[in-house]
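Its first residue numbered 2, the sequence shown is counted upward by one per residue in the numbering used here.
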Amino acid sequence: MTPPSRLLGRPALVGHAQRIAETADHRPAVRVGLGLAIPAVALLALGRIDLLIFAVFGSFVGMYGRGQMAGVRLRQQVLATGLLGMAVAAGTALPAVGAGPPVIAACAVAYAVAASWLIERLGLRPLGPFFVLFAFCTFATLPLEARRDSEAIAEVGLLVFAATAAFCLGMGQLTRIGVLGPFRSAPVPGSAIPTPPAEAAWRAATYGVAVALAAAIALGFDVGHLGWAAAGAAVPLAAPTFGRRLARGAQCLAGTMVGLAVAAVALLPGWPPVARAVLVIVLMFPTEMFMARNYGLALGFFTPLILLMMSLVEQADPAWLLLDRFVGIVIGAGSGLVVAALFRRAP
Numbered sequence: 002m003t004p005p006s007r008l009l010g011r012p013a014l015v016g017h018a019q020r021i022a023e024t025a026d027h028r029p030a031v032r033v034g035l036g037l038a039i040p041a042v043a044l045l046a047l048g049r050i051d052l053l054i055f056a057v058f059g060s061f062v063g064m065y066g067r068g069q070m071a072g073v074r075l076r077q078q079v080l081a082t083g084l085l086g087m088a089v090a091a092g093t094a095l096p097a098v099g100a101g102p103p104v105i106a107a108c109a110v111a112y113a114v115a116a117s118w119l120i121e122r123l124g125l126r127p128l129g130p131f132f133v134l135f136a137f138c139t140f141a142t143l144p145l146e147a148r149r150d151s152e153a154i155a156e157v158g159l160l161v162f163a164a165t166a167a168f169c170l171g172m173g174q175l176t177r178i179g180v181l182g183p184f185r186s187a188p189v190p191g192s193a194i195p196t197p198p199a200e201a202a203w204r205a206a207t208y209g210v211a212v213a214l215a216a217a218i219a220l221g222f223d224v225g226h227l228g229w230a231a232a233g234a235a236v237p238l239a240a241p242t243f244g245r246r247l248a249r250g251a252q253c254l255a256g257t258m259v260g261l262a263v264a265a266v267a268l269l270p271g272w273p274p275v276a277r278a279v280l281v282i283v284l285m286f287p288t289e290m291f292m293a294r295n296y297g298l299a300l301g302f303f304t305p306l307i308l309l310m311m312s313l314v315e316q317a318d319p320a321w322l323l324l325d326r327f328v329g330i331v332i333g334a335g336s337g338l339v340v341a342a343l344f345r346r347a348p
């Protein structure tokens, strides 16, 4: 008898799983939101707003394993913790050893290929290396090396990341006792199927080419946060077909534009750092709420989240930060769409 996965096809099966998971968007969103809110409030109480960025990336662990049984979710989130943790550690280490933008760009390409292949073969959801690549690039370009206490910040920051990720693992298991989601006796159909090796290698190669193109353009135009361009190149390629990649690229650009408008208000002078930190915490909930249902809308919340997060670490002019994000996402999404067209396959 032909397996259902072959009758429906992988994109259709995954899409069916996504529609099932979308029926209860608020539950995983609450889990992810609390996964950041509680550690972040603890950091605010301790007066360590500068470490919030590590907690934010630790909370990304909670985005994995959506709609799965508690055991499957735990496995996916543990694997995601490893991938994100290596990205944060490697990204933090590069500036410390004096790596310049060209070296960071080359490492970003290598990490995109390796992370994509692993995520596809391990059946992690969400698909694509965006979050781990974004983590790597963010910390690789973070100006911590200019501060005298950069080594101490990096060490304590990694502990904050690990503690937040561990807390999110616990939040993900609350469904075992019927809290923040029903207990599942079976996983959502098709939502954790590993990609066949040849297909995984093909997709990893397309990510590598897209990230290399985006990074090269960003270096040529001297974009400050070349990681935004590199990670943005991965966004359209996460969709399974060329048509959906075009739609995802358009959503990425539109959502970013809306998010930049929101961020422009939040970055106005007069907002105290604590208020910006609270906004970061609040914005995590709608980001996860709409991530699977409407990617463009999710980016409308995610964009101000990351810009506010960066403003708490960098002493940069807000206008420059907004412009850098705009240029980076245009380069990134554009590069991803170009590669999607060049490496186009029939649906």
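Ideal placement from N, C-alpha and C gives every residue a C-beta, glycine not left out.
task = Leaving aside the five residues before and after residue 123 along the sequence, list all residues of the same chain whose C-beta is less than 6 Å from its C-beta, in chain order.
result = The count along the sequence shown starts at 1 and reaches residue 123 at position 122. Here the set comprises 80.
key: Contact set for residue 125: own chain, Cβ-Cβ below 7 Å, skip 5 residues either direction   = Residue numbering aside, residue 125 sits at position 124 when the sequence shown is read from its first letter. Result list for residue 125: 65, 77, 80, 81, in chain order.
request  = Under 6 Å Cβ to Cβ from residue 92, same chain only, skipping five residues before and after it: list those, please.
outcome  = To locate residue 92, count along the sequence shown from 1; it is residue 91. Around residue 92: 137, 140, 141.
inquiry  = Does residue 325 pass the burial test, meaning 16 or more other C-beta atoms within 10 Å, or should it be called exposed?
reply    = For the purposes of this step, residue 325 is identified with residue 324 of the sequence shown, where counting begins at 1. Buried, since its Cβ has 16 or more Cβ neighbours within 10 Å.
request  = Output yes or no for whether 9 Å exceeds the beta carbon distance between residue 85 and residue 205.
outcome  = Numbered from 1 along the sequence shown, position 84 holds the residue referred to as residue 85. Numbered from 1 along the sequence shown, position 204 holds the residue referred to as residue 205. No, these two residues do not count as a Cβ contact at 9 Å.
request  = Taking 9 Å as the cut-off, decide whether the C-beta atoms of residue 168 and residue 61 are in contact.
outcome  = Within the sequence shown, the letter at position 167 stands for residue 168. Within the sequence shown, the letter at position 60 stands for residue 61. No, the Cβ-Cβ distance between residue 168 and residue 61 is not below 9 Å.
task = Consult DSSP for residue 229 and reduce its assignment to one of helix, strand or coil.
result = The residue given as residue 229 occupies position 228 in the sequence shown. Helix, per DSSP.
Per-residue burial, residue 171 [other beta carbons within 10 Å of its own, 16 or more giving buried] = The residue given as residue 171 occupies position 170 in the sequence shown. Flag for residue 171 reads exposed.
inquiry  = According to DSSP, simplified to helix, strand and coil, what is residue 320?
reply    = The residue labelled residue 320 in the question sits at position 319 within the sequence shown. Residue state, collapsed to three classes: helix.
message = Could you give the first and the last residue of the continuous alpha helix (DSSP H) run that contains residue 290?
response = By 1-based counting over the sequence shown, the position of residue 290 is 289. Looking at the DSSP string, the run of the alpha helix (DSSP H) that includes residue 290 is 274–292.
key: DSSP three-state assignment for residue 336, whether helix, strand or coil   = Position 335 of the sequence shown, counted from the first residue, corresponds to residue 336. Reduced to three states, the DSSP call for residue 336 is helix.
ask   = Roughly how many angstroms lie between the CA atoms of residue 214 and residue 244, to the nearest whole one?
value = Counted from its first residue, the sequence shown places residue 214 at position 213. Counted from its first residue, the sequence shown places residue 244 at position 243. The alpha-carbon atoms of residue 214 and residue 244 are separated by roughly 21 Å.
ask   = Skipping 5 residues on each side, what residues in its chain have a beta carbon closer than 8 Å to that of residue 313?
value = Working through the sequence shown from its first residue, we reach residue 313 at position 312. Result list for residue 313: 50, 51, 53, 54, 274, 277, 278, 281, in chain order.
ask   = Taking the C-alpha atoms as reference points, what is the distance between residue 236 and residue 303?
value = The sequence position of residue 236 within the sequence shown is 235, counting from 1. The sequence position of residue 303 within the sequence shown is 302, counting from 1. Each residue's alpha carbon lies about 13 Å from the other.
key: Short Cβ contact (9 Å threshold) for residue 286 with residue 30   = Numbered from its first residue, the sequence shown carries residue 286 at position 285. Numbered from its first residue, the sequence shown carries residue 30 at position 29. Yes, the Cβ-Cβ distance between residue 286 and residue 30 is below 9 Å.
Distance between residue 43 and residue 342 (C-alpha atoms, nearest Å) = Within the sequence shown, residue 342 is the residue found at index 341, counting from 1. Within the sequence shown, residue 43 is the residue found at index 42, counting from 1. Approximately 46 Å, taken between the alpha carbons.
ask   = Going by C-alpha distance, which of 269, 307, 329, 306 is nearest residue 318?
value = In the sequence shown, residue 318 corresponds to position 317, counting from 1. That would be 269, whose Cα lies nearest to the Cα of residue 318.
ask   = residue 238 and residue 211 look like a contact to me (Cβ under 8 Å); what is the Cβ gap, rounded to whole Å?
value = In the sequence shown, the residue the question calls residue 238 occupies position 237. In the sequence shown, the residue the question calls residue 211 occupies position 210. With a Cβ gap of about 6 Å, residue 238 and residue 211 count as contacting.
request  = Alpha carbon to alpha carbon, how far is residue 218 from residue 240? Give it in angstroms, no decimals.
outcome  = As a working note, residue 240 is residue 239 in the sequence shown. As a working note, residue 218 is residue 217 in the sequence shown. Distance between the alpha carbons of residue 240 and residue 218: 23 Å.
With 16 other Cβ atoms within 10 Å as the buried cut-off, status of residue 28 = Position 27 of the sequence shown holds residue 28. Its Cβ being crowded by 16 or more others within 10 Å, residue 28 is buried.
query = So the alpha helix (DSSP H) residue 245 belongs to, where does it begin and stop?
reply = Locating residue 245 in the sequence shown gives position 244, where the first residue counts as 1. That run of the alpha helix (DSSP H) goes 243–267.
request  = Buried or exposed for residue 47, please, with buried defined as at least 16 other CB atoms from any protein chain shown within 10 angstroms of its CB.
outcome  = Sequence index remark: in the sequence shown, residue 47 carries index 46 (1-based). The residue is exposed, with fewer than 16 neighbouring Cβ atoms inside 10 Å.
query = Can you give the Cα-Cα distance for residue 105 and residue 345, rounded to whole angstroms?
reply = What you label residue 105 is simply residue 104 of the sequence shown in a count that begins at 1. What you label residue 345 is simply residue 344 of the sequence shown in a count that begins at 1. Roughly 28 Å separates the two Cα atoms.
message = Using only the alpha-carbon positions, how far apart do residue 134 and residue 271 sit?
response = Reading the sequence shown from its first residue, position 133 is the one you call residue 134. Reading the sequence shown from its first residue, position 270 is the one you call residue 271. Approximately 33 Å, taken between the alpha carbons.
message = Quick check on residue 266: buried or exposed, where buried means 16 or more other Cβ atoms within 10 Å of its Cβ?
response = Within the sequence shown, the letter at position 265 stands for residue 266. Burial call: exposed.
task = Note the first and the last residue of the continuous alpha helix (DSSP H) segment covering residue 47.
result = Here residue 47 is taken as the residue at index 46 of the sequence shown, counted from 1. Note, residue 47: alpha helix (DSSP H), 27–47.
query = Does residue 159 come within less than 9 Å of chain C when only Cβ atoms are used?
reply = Here there is only one protein chain, and chain C is not present.
task = Helix, strand or coil for residue 51, going by three-state DSSP, please let me know.
result = Here residue 51 refers to the residue found at position 50 when the sequence shown is read from its first residue. If DSSP states are grouped into helix, strand and coil, residue 51 belongs with the helices.
ask   = What residue from 221, 45, 257 has the CA that sits closest to residue 233's CA?
value = The count along the sequence shown starts at 1 and reaches residue 233 at position 232. It is 257 whose Cα lies nearest to the Cα of residue 233.
key: Where residue 122 sits in the DSSP three-state scheme   = On the sequence shown, position 121 is the one that residue 122 refers to. Residue 122 falls in the helix class under three-state DSSP.
query = What residue range is occupied by the uninterrupted alpha helix (DSSP H) comprising residue 200?
reply = Stepping through the sequence shown from its first residue, residue 200 is reached at position 199. Its alpha helix (DSSP H) spans residues 198–221.
ask   = With a Cβ-Cβ cutoff of 9 Å, do residue 45 and residue 63 count as a contact?
value = Start at 1 with the first residue of the sequence shown, and residue 45 comes out as number 44. Start at 1 with the first residue of the sequence shown, and residue 63 comes out as number 62. Not closer than 9 Å, so no.
key: Assumed close pair residue 83, residue 162 - CB separation to whole angstroms, cut-off 8 Å   = Taking the first residue of the sequence shown as position 1, residue 83 is located at position 82. Taking the first residue of the sequence shown as position 1, residue 162 is located at position 161. Not really, about 12 Å apart at Cβ, beyond 8 Å.
ask   = Applying the criterion that 16 or more other CB atoms from any shown protein chain within 10 Å of the CB defines a buried residue, is residue 73 buried or exposed?
value = Taking the first residue of the sequence shown as position 1, residue 73 is located at position 72. Buried: at least 16 other Cβ atoms inside 10 Å.
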